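Chemist: First to last, the protein sequences are chains A and B.
With our numbering applied, the first sequence covers 1395 to 1904.
With our numbering applied, the second sequence covers 1395 to 1904.
Number of protein chains: 2
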Amino acid sequence: MSSTGIGYAASGSHPDKDSTTPKPTLGTSQGTTPSAAANKQEAALDPNNPYARLYIPQNAPTGADAQIPPDAWTHAYGKPSHNAAFPVPASAPAWIRNGVKWNFPEARAWPLSDNEPYGAKIYGIREALPVQTQFYGNALGVAFAKGVVYAESDDMFAYAINAQTGKLIWRTSPVGNYLMGNPVVVKKLVYLSAGSVSFNFANVVAFKNDPSKAARGLDISYNGVYAVSRKTGKLKWYFATRGEAMPTPAYDNGKLFITTGTGNAYAIDAETGKQVWKNHLGGIANMSSPAVYKGHVFVAMSVKPYLYSLDAKTGKVAWKGTIPKAANTGMGDVSPVVSDGVVVQDAVSDVRTTNGKGTMNTTVRAWNAKTGKVLWTDKMGRGPKVPAFKGGVPMVHDGVVYVGSPVTSDYVALNLKTGKQLWRWNVPNAGPAGAARGAPTYYKGTLYVSTGPSVYALDPKTGKEIHSVHVGGRFGIVSPAIIGGTVFLGNSWDWVNALPLHDINPNYKG
Amino acid sequence: MSSTGIGYAASGSHPDKDSTTPKPTLGTSQGTTPSAAANKQEAALDPNNPYARLYIPQNAPTGADAQIPPDAWTHAYGKPSHNAAFPVPASAPAWIRNGVKWNFPEARAWPLSDNEPYGAKIYGIREALPVQTQFYGNALGVAFAKGVVYAESDDMFAYAINAQTGKLIWRTSPVGNYLMGNPVVVKKLVYLSAGSVSFNFANVVAFKNDPSKAARGLDISYNGVYAVSRKTGKLKWYFATRGEAMPTPAYDNGKLFITTGTGNAYAIDAETGKQVWKNHLGGIANMSSPAVYKGHVFVAMSVKPYLYSLDAKTGKVAWKGTIPKAANTGMGDVSPVVSDGVVVQDAVSDVRTTNGKGTMNTTVRAWNAKTGKVLWTDKMGRGPKVPAFKGGVPMVHDGVVYVGSPVTSDYVALNLKTGKQLWRWNVPNAGPAGAARGAPTYYKGTLYVSTGPSVYALDPKTGKEIHSVHVGGRFGIVSPAIIGGTVFLGNSWDWVNALPLHDINPNYKG
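1. Please report how far the alpha carbon of A/Gly-1867 lies from the alpha carbon of A/Ala-1554, in whole angstroms.
2. Taking Cβ-Cβ distances shorter than 8 Å, what residues in chain B pair up with A/Asn-1899?
3. Return the CA-CA distance between B/Pro-1800 and B/Leu-1629, expressed in angstroms with no decimal places.
4. Alpha carbon to alpha carbon, how far is A/Gly-1457 from B/Glu-1500?
5. Which chain B residues are close to A/Ile-1614, counting only those with a beta carbon under 9 Å from its beta carbon?
6. Would the segment 1883-1896 of chain B and the segment 1542-1559 of chain B be scored as touching if the rule is three or more Cβ pairs under 8 Å?
7. Sort A/Asp-1744, A/Leu-1769, A/Trp-1761 and A/Ala-1760 by Cα distance to A/Gly-1775 and report the nearest one.
8. Among residues of its own chain, excluding the 5 on either side of B/Ala-1431, which ones have a beta-carbon nearer than 6 Å to its beta-carbon?
9. Please list the residues of the segment 1624-1638 of chain A that have a C-beta atom closer than 8 Å to any C-beta atom in chain B, keeping them in chain order.
10. Measure the Cβ-Cβ separation of A/His-1970 and A/Pro-1847 and say whether it is below 8 Å.
11. In whole angstroms, what separates the C-alpha of B/Gln-1461 from that of B/Asn-1556?
12. Flag B/Phe-1922 as yes if its beta-carbon sits less than 8 Å from any beta-carbon of chain A, otherwise no.
13. Determine whether the beta carbon atoms of A/Gly-1839 and A/Asn-1492 lie at a separation below 8 Å.
14. Suppose you measure from the CA of B/Val-1787 to the CA of B/Ser-1729; what does that come to, to the nearest Å?
15. Quick one, which of B/Asp-1888, B/Ala-1706, B/Pro-1900 and B/Gly-1857 has its alpha-carbon nearest B/Leu-1523's?
16. Can you confirm whether the segment 1594-1608 of chain B touches the segment 1638-1646 of chain B when touching is taken to mean that 3 or more C-beta pairs between the two stretches lie within less than 8 Å?
17. Determine whether the Cβ of A/Gln-1435 lies closer than 8 Å to any Cβ atom of chain B.
18. Mind checking if B/Thr-1653 is an interface residue toward chain A, Cβ cutoff 8 Å exclusive?
19. Pull out every residue of the segment 1646-1674 of chain B whose Cβ sits closer than 8 Å to any Cβ of chain A, in chain order.
20. With 9 Å as the limit, tell me which residues of the segment 1503-1515 of chain B have their beta carbon closer than that to any beta carbon of chain A; keep them in chain order.
21. Where does A/Gly-1457 sit, in a helix, a strand or coil, going by DSSP?
22. Hey, is A/Glu-1521's beta-carbon within less than 8 Å of any beta-carbon in chain B?
23. Taking any Cβ of chain A, which residues in the segment 1527-1560 of chain B have a Cβ under 9 Å from it, in chain order?
24. How about A/Arg-1746 and A/Thr-1757: are their beta carbons less than 8 Å apart?
25. When you compare each of B/Thr-1559, B/Asn-1597 and B/Trp-1671 to B/Asn-1453 by their alpha carbons, which one comes out closest?
26. Secondary structure at A/Arg-1565, three-state DSSP: helix, strand or coil?
27. Give the interface partners of A/Ala-1608 over in chain B, defined as CB-CB distance under 8 Å, in chain order.
28. Check B/Asp-1888 in the structure and name its three-state DSSP category.
29. Using a Cβ-Cβ cut-off of 8 Å, state whether A/Ala-1438 counts as contacting chain B.
30. If you measure beta-carbon to beta-carbon, which residues of the segment 1479-1501 of chain B are closer than 8 Å to chain A?
31. Could you check how far apart the C-beta atoms of A/Ala-1371 and A/Val-1670 are, in whole angstroms? I think they sit under 8 Å.
32. According to the neighbour-count rule (16 or more other Cβ atoms, all chains shown, within 10 Å of its Cβ), is B/Pro-1483 buried or exposed?
33. Quick one: list the residues of chain B neighbouring A/Tyr-1517, beta-carbon separation under 8 Å, in chain order.
34. Assign A/Ala-1432 to one of three DSSP states: helix, strand, or coil.
35. Using a Cβ cut-off of 8 Å, pull out every chain A residue sitting near B/Tyr-1445, in sequence order please.
36. Assuming A/Ala-1712 contacts A/Leu-1704 (C-beta within less than 8 Å), just tell me the rounded distance between them.
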């Protein structure tokens, strides 16, 4: 079942001898590019060094395999709608249409057969599951472009994997920090975002004195966006941020948009890494990734809980909204979704303590994307407080919002225009940390959900479960990336997995 | 000047084929040993994996080289007195008596020729220096035993290096966490301590509501003590702690003593990894490592700033003391020193804001080790607030305390019994983060200090500088480990360095 695809020791020498000096594009202002430094680091790495970039050209796809759509991966969860589904033409290679199966172990791969995470005995399962997601494996899912699967891991490496064979094309660890995002792939570059959930002591004290002054990730390792060659993984530039850059950047029209733990939003020239604009919004971006739609960037922040619509050209605030009684980390966890002129965001909310036990709700709200007018507000239901990443990432397809909540471990379907609830499905065996964080994926009449150790196929009209497959490990905030007849998924156990849709959905007509 | 010593790729195959199943000793209570899990991880690692343990037996010392004292390394800074000096007999090999010179690049080695740390452009030098110490390279210095140098790094690896050749014997990364300590080496095992300076968000909120309730490192990766084979680096057992275990354990009489970010002190059976006792003292241990002396363990905590004398057999508090007006992280940063019946600790203290600028003092206090009676208190002087690790580690030799303070970047010599100041020496070019954190080492009539990028030789009677050598990088909280005619030092740039004493002190008679 495993295919390591690492030719390193087998080949007897390091396959990447390229030592040409990179030509970094230096940034000009605070939030920009110490690429000279970053490249010095790469140069300093002995090729036999464990963190040295590894590039195995013979594992890259060729011919028709290298033309499989999509050509680019521009947002977390693939699109502003978060529907990570990409059909392929009938002329695409049979393997991608029929579905392929492999499991690629990343650098700290924990046995998929082990139901318990690494820290289960010391933290207990409830806490150990999110720790495994935040500090061990893949927090979000993977990206796909032209026959290659790209993954970022909290093992501090990023990977390019041949989508057909599951063999490693390159891996790189340009920074000693956690890579918490979904790689963004555009033209010749792959964009990685670095940061962790941590605060240093000065910011613990700052939060005590004035919560709006605390910055996540400040002075905690090296945060920012790393642009590496799509072909080789070689570092091209590094856009450093003071606070964590856990959110996945969004790409649109030559620019990357990113938010940080210091409450900043940035636009960066995607080719050069130079800052285009910066807007200090305040608050803290946790894992909430921007979505770009019709010239506006939608970003959300915690602590001061706001959703912002920013002009993509200038960064100026067009409007801002909030979710009533949003909990501390509520709005900064979840990525807003935008589709059909509507932006939807959810947040855990209305935290109460009853008989010494904390409970919370999850509130979903929709706004007119252009005007910021609130269209509807829905509550998903009260339940016990849940650990880290407390919301569910919404997805929109064909006028319906699909969104989960770990508070109740339910997914619901809501009418995008009215908020009317169409159905509710409870994740089986959700476990003590709660399930239902990842965005569902709609593909050819079926809804696919990855949560806990399993992938589910649901009827999108009724929410009824059709079938499920146990993969093992934990899908943290992972949405199934469906390309042709194959689902690609990263997980918290530090594996990247490929599964045929046929396995998950016996009704699938490939 | 560099000698990588890594035979991995050169040998064409992974030199360690040993895949026998380890026999973990499982612990029995909360603070104990999920070694089965830890060993499962090792088993899961492909030998071609970047984090796979690497063992190169042919690089280990043999014969007389493998008999060079000390045989063990029991405390941070080598001894309860923090004087990391170990003479060798005249019969010891010539190379260790005359001094050896090499620079071993660890996994993220940053060029020694680069004066600026990785994050200089984004954080500024003042902040980037401690970030490099806390998240990049070696925070403390190295350990030495029987011809082998042992190092822990924030690059997440531990290393065993041949002291003569500078070649790698083994490296291991049993956990995806920062290794902030000084390896402890006793009998057949090396003890590593894992943890970071970070807080998660729940503890940021906890600190706001009640500072004494916050825990450092809780739910931040995997904390605790890792025991690995001295010969091969193979993991033997893992004593997990909920909070960070940044302090270096102290070894005495078959037991390890460690304190954590959750305010616990533990005694652990050094052979089996089983908990002997636990005492919840409260507060937070940052980098303050225990010292054992005449059946008592001296440990210090922050936030609730106390020095404790604990009965080594039971963990019960014999007495506790404090430092007046100790700043938040003051007492938990610095390791108490004990010698000649006196225990000495310092802490930054009396923080004031004048004209919008923060200033602080450093207070040194001495107690009767047996009774806890305060013997004397001295103030080292006021200066601007300094970033992380705010004190200086004291060392005692022959009735004199030698201690630095980054607040003034001075080292002072104080009479151990009276506190009378004998001299004061200001570190040249201390830089914006301040210098003088590491403990000095007294050896054959000379005092050696490693701070900033340099190693200094001082006259211990007058504090006058004799000579200095520029190594490069930054010595964070590093004391020179002197064995025979050689000084061994780790640094924040992720290098381990060996230097002949002759180079640092032209007057040295080897």
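We treat Cβ as the ideally placed atom computed from N, Cα and C, and that holds for glycine.
Note that the coordinates shown come from a computational prediction; the quantities given were computed from them, not determined experimentally.
Modeler: According to the structure shown:
1. Their backbone Cα atoms lie some 21 Å apart in a straight line.
2. Result: empty, since nearest Cβ-Cβ is about 30 Å, beyond 8 Å.
3. 37 Å
4. 41 Å
5. Val-1525, Gln-1528, Phe-1529, Ser-1590, Val-1591 and Ser-1592
6. yes
7. A/Asp-1744
8. Since pLDDT at B/Ala-1431 reaches only 45, below the 50 mark, its modelled position is unreliable, and no value is offered.
9. Ala-1634, Thr-1635 and Arg-1636
10. Outside the shown range of chain A, which is 1395 to 1904, sits residue 1970 of chain A, and nothing can be said about it.
11. 13 Å
12. Residue 1922 of chain B lies beyond the stretch modelled for chain B, which goes from 1395 to 1904, so this question has no answer here.
13. Between A/Gly-1839 and A/Asn-1492, the CB-CB gap reaches or exceeds 8 Å.
14. Distance from the CA atom of B/Val-1787 to the CA atom of B/Ser-1729, rounded to whole angstroms, is 6 Å.
15. B/Asp-1888
16. no
17. Because the pLDDT of A/Gln-1435 is 47, which lies under 50, any placement of that residue in the model is unreliable, and the question is left without a value.
18. no
19. Listed by position, the residues of the segment 1646-1674 of chain B near chain A (Cβ gap below 8 Å) amount to none.
20. Ala-1503, Trp-1504, Pro-1505, Asp-1508, Glu-1510, Pro-1511, Tyr-1512, Gly-1513, Ala-1514 and Lys-1515
21. A/Gly-1457 falls in the helix class under three-state DSSP.
22. Chain B, which has a Cβ nearer than 8 Å to the Cβ of A/Glu-1521, makes this yes.
23. Gln-1528, Phe-1529, Tyr-1530, Asp-1548, Asp-1549, Met-1550 and Phe-1551
24. no
25. B/Thr-1559
26. strand
27. Val-1598
28. coil
29. Residue confidence is low: A/Ala-1438 scores 46 on pLDDT, short of 50, so the model does not pin down where it sits. No coordinate-derived value is stated.
30. Pro-1499 and Ala-1501
31. Residue 1371 of chain A lies beyond the range of chain A shown here (1395 to 1904); nothing can be said about it.
32. exposed
33. The contacting residues are Asp-1613 and Arg-1636.
34. Annotation note: pLDDT 46 at A/Ala-1432 (below 50); position unreliable, coordinate value reported separately. In this structure, A/Ala-1432 counts as helix in the three-state DSSP scheme.
35. Pro-1444, Ala-1501, Arg-1502 and Asp-1549
36. 7 Å
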